[in-house]
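Asks: Quick one: structure below, then a few questions.
4 protein chains.
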Amino acid sequence: MKIRAGIIGAAGYTGGELIRLLLLHPNVEIAFVQSNSNAGNKVYAVHTDLFGETELTFSKEHSTDVDVLFLCGGHGAAIQFLNENNLPDSVLVIDLSHDFRLETNNTLANRTFTYGLPELNRDTIKQSKSIANPGCFATCIQLALLPLAKAGLLNNAVHINATTGSTGAGQSLTNTTHFSWRSANASTYKVFSHQHISEIKQSLKQLQPQATDEVLFIPQRGNFTRGIFATAYTQLNIEQAELETIYQNYYAAHPFVKVVPFAVDVKQVVNTNRCFINIESITGQVVITSAIDNLLKGASGQAVQNMNLALGLPETTGLNLKPSAF
Amino acid sequence: MKIRAGIIGAAGYTGGELIRLLLLHPNVEIAFVQSNSNAGNKVYAVHTDLFGETELTFSKEHSTDVDVLFLCGGHGAAIQFLNENNLPDSVLVIDLSHDFRLETNNTLANRTFTYGLPELNRDTIKQSKSIANPGCFATCIQLALLPLAKAGLLNNAVHINATTGSTGAGQSLTNTTHFSWRSANASTYKVFSHQHISEIKQSLKQLQPQATDEVLFIPQRGNFTRGIFATAYTQLNIEQAELETIYQNYYAAHPFVKVVPFAVDVKQVVNTNRCFINIESITGQVVITSAIDNLLKGASGQAVQNMNLALGLPETTGLNLKPSAF
Amino acid sequence: MKIRAGIIGAAGYTGGELIRLLLLHPNVEIAFVQSNSNAGNKVYAVHTDLFGETELTFSKEHSTDVDVLFLCGGHGAAIQFLNENNLPDSVLVIDLSHDFRLETNNTLANRTFTYGLPELNRDTIKQSKSIANPGCFATCIQLALLPLAKAGLLNNAVHINATTGSTGAGQSLTNTTHFSWRSANASTYKVFSHQHISEIKQSLKQLQPQATDEVLFIPQRGNFTRGIFATAYTQLNIEQAELETIYQNYYAAHPFVKVVPFAVDVKQVVNTNRCFINIESITGQVVITSAIDNLLKGASGQAVQNMNLALGLPETTGLNLKPSAF
Amino acid sequence: MKIRAGIIGAAGYTGGELIRLLLLHPNVEIAFVQSNSNAGNKVYAVHTDLFGETELTFSKEHSTDVDVLFLCGGHGAAIQFLNENNLPDSVLVIDLSHDFRLETNNTLANRTFTYGLPELNRDTIKQSKSIANPGCFATCIQLALLPLAKAGLLNNAVHINATTGSTGAGQSLTNTTHFSWRSANASTYKVFSHQHISEIKQSLKQLQPQATDEVLFIPQRGNFTRGIFATAYTQLNIEQAELETIYQNYYAAHPFVKVVPFAVDVKQVVNTNRCFINIESITGQVVITSAIDNLLKGASGQAVQNMNLALGLPETTGLNLKPSAF
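Chains as they are written, first to last, in numbering that gives the first Met the number 0: chain L, 0 to 325; chain E, 0 to 325; chain H, 0 to 325; chain S, 0 to 325.
See below:
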């Protein structure tokens, strides 16, 4: 019998990616796709690439007769949804917003959310019925830094610069998602104040309670649609070989993260659920470069990975995706 | 004494280009820049690249104490403006919309508009106080075809495919100007029904009254911001040398159009007021490739060219622009 | 027992795509990947996205102990390979070059190649041991036109404009694949003389022997990496409903081709093996828009589709790919 | 009488930009354009956008009968050129390579080169006959940091991330300038070891001899052709108002650098000789964002600016360029 999945807010980018993934997932059937803005429309009327793949129609209403419910409704919408709806405890809830990512604020009624980064919390996720899916920048940056935290080595300021594809901003039309502006352009925003910094710090301190508080992050808007490319560095004297051992060991049992022996670029991971990481010890600094697909490992792919774990499936089920490469 | 210029609707793309051009024009001073949406804002608050170049502020009101008035308010706005405002006959009006481009509909009150394509109507433009600036697609395509019409050779169907940069769609936010959609994409719209076809036919028949009525035009949305790239062909047996003579003669006295002996690409003309044309006689067909910058020769640059002509200045004044080339 | 596959010329773009597809194909194991230029290197040293997916190394030599051999060595290389090597008759050979696509020239020694367009020749492909994989432009354009030929309706000139992504030009470095030139650019090449025109005409005449000889095709270089976007039209008076019936019937049993009721854009099919087609009857012309991924349905995906057919597997095996969509 | 200018190595990107600029410069005539690779070819055969603008032909030989000689031959070529040719002392030499940028190595025979950053060394440049034009990254980053150095405030490590357009890598064909790779991609190179770091440190210490030696610079390859976008920050407690005063005062007399009150993006300065800088004091850090066009203020535009200064012309002559803006 297949897992029954429902998606709330399924007409957006992360909802669309979930539908694409779940249609190909061998153990899942999509029970419903809910959307306020597109109720009554065919899925392929919005996600046109899915024409011929599904006859699903967006519904105004949702059902709770599902095994897993994905909340893709944007920040704030998850709290509202859980407040307004009485979900059976047995339903696995995976929220893609930031509503429940911070431990200071991860409980609503009888649900306490687990921070759903499998490379940090896999065992807890396996036992959880409420999962807060991490942010896209937060995923890429944490995967770059967690092994250092585990080794207790994050004792100096961490300097981060990360560039996101335009789909990270969602499908709403804004000045900074206008093609005429964004094409061939580069810019920053929310310097040192991006909301994902809190998630990142929380995870680092989970592994290294005395880790530095100086996490200096400059987000950049990239001139591409998919992907996050991050560089991070911190002052640390360590041999390259030791560094590699730390990272290799940390990720040995994690199928989606690869410590690679060549320069990372973002297209190596686009349209996959993978994270590529390169590490270098350079004149007293450790430099980490990492890349993910913001909509997959940074959102919907990770949500499916979490679902797999929480429902007892192999972690990679439905996530062996052909890279687009170009 | 300088020419005093006013711009109505100056916060849009064509308004911005006009400001950029006129600030560098040796014979012009900008009297005012009017905008409903941005009245009270500095020009550089909208056209940020102009910071430090001008302290002009958008005004709600306009003045008629000018030598030339550019109407950049969008289609329909020119008719409304002229209906609501009493302009002295002495003011040169250059309308960038399609309101007055067709001879069947080019008169309002005491003003009859000249179709402002200098390579077709230069002498008339010099005598005119009311100029309808051609459309961007229309300019690129007419420049490709006019010499054939002049030679009476447009006797068979004309097949046109032209791709436009995103700035041709203006600065409004739409699904097809969203970066996440348009980046790395290709698509068509208004197949055989684009509004510029009427202008094109009108001009062709001006030179060759019996010219074909079959002008089959497929417009494409391009994955770039500036430029129009057009291909056109028609059945015609003609020697290459004769064809070149026809085109070279037609454009000999027109400084912005170049018949080039190599393959045309759109970046050859981006950020200039020029049109590059390549012609080939291939197995019974004449194939013409042409390229312009949609915001310059296709809009604001041509408007300045028309102003120069109508006010007795050398045609190229203020329009010798460094190509961006890349 | 798995199908054993070998790839000759596996370090190029189409070779890389084949590796990506076959690694995920449930019925195939890759026996070897041959490359002259990269013999001795790991596959992931060239196709870096495959790090962690395979430990395969490019070999100088090849084996004939395989079930299927893909020839990805470029035009001319297949003839040379077959001349120099004695292949058992039992080995299925799929050649991705144009060496054997034309019936006038499709035989070498004991092998006669079937033109491998499944939507045209599926039954023959199922019986064949030698398959000439169609060209990318040729695939996209034929799929747009075949139903009309089948219905005997291609009686007037066909006008085609198609734009290709840069990967269509392969990985060799040329002036027209230089980023500084190609980015934000548009251009044509081989106007009316592209080598794929012969394939297209051959297939059209296979279905409609008296089909028009006037196939006027303008190829364009696109400012994107993956995809082909084609428009085609021909003079024909037909009701829209009848037209749709013709196309729906033609493709009813073909899983990868979809006649869609909305405007086609190239990103709808990128990273899939599908072809989307839109048809419109407009004022006496039938206009067809079609899009494929040039490396998948236009090359390696179609090669796997052909392998599936020739080896008795379901046609879609290993080809249900998540669209990249953005 | 016009200034006579010669260009050595004029077929490359910086040579092409110089030709574009000098053709529009009111006080200059181009005496010759030398190129080894293209001797005998028309300028427009290489820089195709210049068709119709000049009939100049690349020459194998050069002349010393000029007022100014621009060396665009790439790194190492300037030393070789000066060793092999005997230039009159009166000829102004402007070298665009890094051969003479460092004071430790800025002398050859009777020529000692001035580091040609006008915003640092304007008075010296005015007296100089030998000018080493700064690097593109170096220009963008120095302009971001010089006011702090002048104020003696660079006492802590400086963290820099800067992204360059593809034209910064020149016109040679490489894997990282291949469109299929670079399009929609992001990557780093020469982390902490880029050759421009030396220039930057030299200039900072010129203004603040005890300035920090920790200049940590991560260069990124951008998915655009023109422009450099840099972020820099250093630990420093300072009021925003005081910071602005420092920057405004520093650049008050420098026409091409603008301290702007809004977020900087790279397209604000593309196709101009300007640098836009934004400064923010954020929680104990000073953050500077700066942008230039790498081929203009980062290369050929700055070379003309230096020529103007050294030959007694107004600094901005020939450099009032229309921004491309999009």
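No residue lacks a Cβ here, since even glycine has one placed at the ideal position from N, Cα and C.
Predicted, not measured: the structure shown is a model, and the values here were computed from it.
Could you confirm whether any beta carbon from chain E is found closer than 9 angstroms to the beta carbon of L/Thr173?
Replies: Numbered from its first residue, the first sequence carries residue 173 of chain L at position 174. For L/Thr173, the answer is yes, since a Cβ of chain E falls inside 9 angstroms of its Cβ.
Asks: Bridge partners for S/Gly5 per DSSP, in chain order?
Replies: If you number the fourth sequence from 1, residue 5 of chain S lands on position 6. S/Phe31 and S/Leu68, per the DSSP bridge assignment.
Asks: Show which residues of chain E have a CB atom less than 8 angstroms away from the CB atom of L/Gln170.
Replies: For the purposes of this step, residue 170 of chain L is taken as the residue at position 171 of the first sequence. The contacting residues are His177 and Ser179.
Asks: So, helix, strand or coil for H/Asp88, using DSSP?
Replies: Taking the first residue of the third sequence as position 1, residue 88 of chain H is located at position 89. Reduced to three states, the DSSP call for H/Asp88 is coil.
Asks: DSSP beta-bridge partners for L/Pro117?
Replies: By 1-based counting over the first sequence, the position of residue 117 of chain L is 118. L/Pro117 pairs with nothing; no bridge assigned.
Asks: Listed from N- to C-terminal order along the chain, which residues in the region 146 to 165 of chain L have their beta-carbon within a distance smaller than 9 angstroms of any beta-carbon of chain S?
Replies: Answer in chain order: Ala156, His158, Asn160, Thr162 and Gly164.
Asks: Strictly under 9 angstroms for the Cβ-Cβ distance: is E/Lys1 near chain S by that measure?
Replies: By 1-based counting over the second sequence, the position of residue 1 of chain E is 2. Not an interface residue.
Asks: Since H/Leu198 and H/Gly134 are thought to touch, with beta carbons under 8 angstroms apart, how far apart are those beta carbons, to the nearest angstrom?
Replies: Reading the third sequence from its first residue, position 199 is the one you call residue 198 of chain H. Reading the third sequence from its first residue, position 135 is the one you call residue 134 of chain H. The sequence given here places Glu at residue 198 of chain H; Leu does not occur at that position. Indeed, because the Cβ distance is near 6 angstroms, the residues count as touching under 8 angstroms.
Asks: Whole angstroms are fine: how far does the CA of H/Ala210 sit from the CA of S/Ile6?
Replies: Against the fourth sequence, residue 6 of chain S aligns to sequence position 7. Against the third sequence, residue 210 of chain H aligns to sequence position 211. So the alpha carbons of these two residues sit roughly 58 angstroms apart.
Asks: CB-CB under 6 angstroms to H/Thr162, same chain, minus the five flanking residues each way: which ones, in chain order?
Replies: Locating residue 162 of chain H in the third sequence gives position 163, counting from the first residue. Closer than 6 angstroms at the Cβ level, and outside the excluded window around H/Thr162, lie Gln219, Gly221 and Phe228.
Asks: Hey, out of H/Leu203, H/Gly317 and H/Arg110, whose CA is closest to H/Arg19's CA?
Replies: One-based indexing of the third sequence puts residue 19 of chain H at position 20. Per the Cα distances, H/Gly317.
Asks: Just the chain H side, please: which residues come within less than 9 angstroms of S/Thr224 by C-beta, in chain order?
Replies: Translated into the one-based positions of the fourth sequence, residue 224 of chain S becomes position 225. Within chain H, the residues near S/Thr224 are Phe178, Ser179, Trp180, Ser182 and Ala183.
Asks: Confirm the yes/no value for this check: CB of E/Val263, any heavy atom of the ligand FMN, distance under 8 angstroms.
Replies: For the structure depicted, the ligand FMN is absent and the ligand set is empty, with no information on it obtainable.
Asks: Nearest to H/Ala309 by CA position, among H/Asn40, H/Thr63 and H/Phe69, is which residue?
Replies: Position 310 of the third sequence, counting from 1, holds the residue named residue 309 of chain H. Nearest C-alpha to H/Ala309: H/Phe69.
Asks: Chain B partners of H/Pro322, CB-CB under 7 angstroms?
Replies: The displayed structure is made up of protein chains L, E, H and S, and chain B is not among them.
Asks: Look up H/Val190 in the DSSP assignment and say whether it is helix, strand or coil.
Replies: What you label residue 190 of chain H is simply residue 191 of the third sequence in a count that begins at 1. Coil at H/Val190, not helix or strand.
Asks: Among the residues of its own chain, which have a CB less than 6 angstroms from the CB of E/Phe275, if the five just before and after it don't count?
Replies: Counting from one through the second sequence, the residue named residue 275 of chain E turns up at place 276. If we look at E/Phe275 and ignore the five residues flanking it on each side, its Cβ neighbours are Lys257, Val259, Val263, Gln267, Val268 and Ala290.
Asks: Are the CB atoms of H/Gln343 and H/Ser280 nearer to each other than 9 angstroms?
Replies: A query on residue 343 of chain H cannot be resolved here, the shown segment of chain H reaching from 0 to 325 and no further.
Asks: On the three-state DSSP scale, how would you describe E/Thr244?
Replies: As a position in the second sequence, residue 244 of chain E is number 245, starting the count at 1. If DSSP states are grouped into helix, strand and coil, E/Thr244 belongs with the helices.
Asks: Find the residues of chain S that neighbour L/Thr282, judging by a C-beta separation of less than 7 angstroms, and give them in chain order.
Replies: For the purposes of this step, residue 282 of chain L is identified with residue 283 of the first sequence, where counting begins at 1. Those within 7 angstroms of L/Thr282 in chain S are Phe191.
Asks: In terms of DSSP beta bridges, what is S/Asn160 paired with?
Replies: If you number the fourth sequence from 1, residue 160 of chain S lands on position 161. Looking at the DSSP assignment, S/Asn160 forms a beta bridge with S/Ile217 and S/Thr230.
Asks: Could you name the residues of chain L that H/Leu23 contacts, counting a contact when the two beta carbons are closer than 9 angstroms?
Replies: Within the third sequence, the letter at position 24 stands for residue 23 of chain H. Here the neighbours are Asn319, Leu320 and Lys321.
Asks: Pairs of beta-carbons, one from the region 138 to 157 of chain H and one from the region 0 to 17 of chain S, closer than 8 angstroms: are there three or more?
Replies: Taking 8 angstroms as the limit for Cβ pairs, the verdict is that the region 0 to 17 of chain S does not touch the region 138 to 157 of chain H.
Asks: Identify whether H/Gly301 lies in helix, strand or coil by the three-state DSSP scheme.
Replies: Translated into positions along the third sequence, residue 301 of chain H becomes position 302. Residue identity differs from the one stated: residue 301 of chain H is Gln in this sequence, not Gly. Three-state result, H/Gln301: helix.
Asks: Given this structure, state the Cα-to-Cα distance separating H/Val45 from L/Gly226, to the nearest angstrom.
Replies: If you number the third sequence from 1, residue 45 of chain H lands on position 46. If you number the first sequence from 1, residue 226 of chain L lands on position 227. Roughly 21 angstroms between the two C-alpha positions.
Asks: DSSP state of S/Phe261, grouped into three classes?
Replies: Here residue 261 of chain S corresponds to residue number 262 of the fourth sequence, with the count starting at 1. Looking at S/Phe261 - three-state DSSP - the assignment turns out to be coil, as it is neither helix nor strand.
Asks: Starting from the Cα of H/Asn293, find the closest Cα among L/Phe325, L/Pro146 and L/Tyr43 and give me that residue.
Replies: Start at 1 with the first residue of the third sequence, and residue 293 of chain H comes out as number 294. The option with the nearest alpha carbon to H/Asn293 is L/Phe325.
Asks: Taking DSSP as the reference, what is the three-state secondary structure of E/Phe110?
Replies: Here residue 110 of chain E is taken as the residue at index 111 of the second sequence, counted from 1. Note on residue identity: the sequence assigns Arg, not Phe, to residue 110 of chain E. It is a strand residue.
Asks: Are any of the Cβ atoms in chain E nearer than 9 angstroms to that of H/Glu243?
Replies: On the third sequence, residue 243 of chain H is found 244 positions in, with the first residue counted as 1. No, no contact with chain E.
Asks: Examine chain H for any beta-carbon lying closer than 9 angstroms to the beta-carbon of S/Tyr188, and answer yes or no.
Replies: The residue given as residue 188 of chain S occupies position 189 in the fourth sequence. For S/Tyr188, the answer is no, since every Cβ of chain H falls outside 9 angstroms of its Cβ.
Asks: Do you know whose CA, among H/Gly169, H/Leu235 and H/Ala185, lies nearest H/Gly283's CA?
Replies: Within the third sequence, the letter at position 284 stands for residue 283 of chain H. Ranking the options by Cα distance to H/Gly283, first place goes to H/Leu235.
Asks: Anything in chain S within Cβ reach of E/Gly15, meaning under 8 angstroms, just list it in chain order.
Replies: Translated into positions along the second sequence, residue 15 of chain E becomes position 16. Per Cβ cutoff of 8 angstroms: Ala324.
Asks: Using three-state DSSP, classify H/Phe57 as helix, strand or coil.
Replies: By one-based count along the third sequence, residue 57 of chain H stands at place 58. If DSSP states are grouped into helix, strand and coil, H/Phe57 belongs with the strands.
Asks: Look at the Cβ atom of S/His61, then the Cβ atom of S/Phe99, and state whether they are nearer than 9 angstroms.
Replies: For the purposes of this step, residue 61 of chain S is taken as the residue at position 62 of the fourth sequence. For the purposes of this step, residue 99 of chain S is taken as the residue at position 100 of the fourth sequence. Contact flag unset, no.
Asks: Using only the alpha-carbon positions, how far apart do L/Thr138 and H/Ser299 sit?
Replies: Locating residue 138 of chain L in the first sequence gives position 139, counting from the first residue. Locating residue 299 of chain H in the third sequence gives position 300, counting from the first residue. Spanning the two alpha carbons is a distance of roughly 33 angstroms.
Asks: Establish whether the CB of L/Tyr12 and some CB of chain H are separated by less than 9 angstroms.
Replies: Against the first sequence, residue 12 of chain L aligns to sequence position 13. Cβ-Cβ to chain H under 9 angstroms: yes for L/Tyr12.
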